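The opening residue of the sequence shown carries number 1 in UniProt numbering; numbering runs sequentially from there.
Here the structure comes first, spelled out in structure tokens, and everything after it is commentary.
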Amino acid sequence: MMALFHPWGALRMSMFGWAETVADLPEPPTLAVTEEKLRRLVPSGKPAIIAGIAAGFDWQAADYGVTTRLRLCHFLAQAAHETDRFRTLQEYGNTAYFARYEGRRDLGNVQPGDGARFHGRGVFQLTGRSNYRRYGALLGLDLEANPELAKDPAISLAIAFAYWRERGINEAADGDDVVRVTRLINGGRNGLAERTRLLAVAKGIWL
């Protein structure tokens, strides 16, 4: 059994996926991301995804520096948009659609079929062989060999937090700069109006 590096030890990796342990956990942080509050943010979210995101969210957030409610609001607004309001943890499309990623050396897609194999999955839509390899290495998981793991709610959340920290997005969130946060997540301004709307809803729940 291979452990992720969270110091609180609540998530463990096995060949069957992630299982939670609850022994000897300290008191939870105070961000209070619960299923009920996530449903207030996105009422149409799938129950299984919302439950998976809520489970252990506060613990992972603390590990990755998402330790203020403003950072939390920006993170969840972006996450809700990228997942179609927590209705999917993988990019919509089929093999023909994912052909747009085929041969993309900037994504590390150098083998036939990589476009579909490494299409967008997870909270922030991890895309491309090189990104699966990189974030898998950061988390101690072989995502390159097992790309489907990236759409497991707990794993996808860990990937998103790792991406958030690596890109230094807390600084933009601290400045309440939704345009900059969006650019760091998405590379541009795609969906900015909806991300801004979701941010306002999140602030009404957690601030």
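Here a beta-carbon is modelled for each residue, glycine too, at the ideal position from N, C-alpha and C.
Treat the numbers as computed from the prediction; the structure is a model and nothing was measured.
Among 70, 175, 63, whose alpha-carbon lies nearest the alpha-carbon of residue 204? Among 70, 175, 63, the Cα nearest to that of residue 204 is on 70.
Assuming residue 44 is part of the alpha helix (DSSP H), what are its boundary residues? Per DSSP, residue 44 belongs to no alpha helix (DSSP H) and is neither H nor E.
Does the distance from the CB of residue 94 to the CB of residue 103 come in under 8 Å? Going by beta carbons, residue 94 and residue 103 fall outside the 8 Å limit.
Reference residue 187; option with closest CA among 147, 125, 174: Put simply, of 147, 125, 174 the residue whose alpha carbon is nearest the alpha carbon of residue 187 is 125.
Would you check if the distance between the CB atom of residue 60 and the CB atom of residue 157 is smaller than 8 Å? A contact, by the Cβ cut-off of 8 Å.
Measure the C-alpha to C-alpha separation of residue 35 and residue 51 and round it to an integer number of angstroms. Between the C-alpha atoms of residue 35 and residue 51 there is a straight-line separation of about 6 Å.
Can you give me the C-alpha to C-alpha distance between residue 128 and residue 185, rounded to a whole angstrom? Just so you know, the alpha carbons of residue 128 and residue 185 end up roughly 15 Å apart.
Assigned exposure category for residue 105 - 16 Cβ within 10 Å defines buried: Looking at its Cβ environment, which holds fewer than 16 other Cβ atoms inside 10 Å, residue 105 is exposed.
Per DSSP, cross-strand counterpart(s) of residue 126: Residue 126 is bridged to 121.
Rounded to whole angstroms, what is the Cα-Cα separation between residue 142 and residue 119? Cα-Cα distance, rounded: 16 Å.
At what residue ranges does the UniProt domain "Glycoside hydrolase family 19 catalytic" (67-166) contain a whole run of the alpha helix (DSSP H), taking only runs of 4 or more? Correct list: 69-82, 95-98, 114-117, 129-139, 153-166.
Can you give the Cα-Cα distance for residue 151 and residue 132, rounded to whole angstroms? Residue 151 and residue 132 have their C-alpha atoms roughly 12 Å apart.
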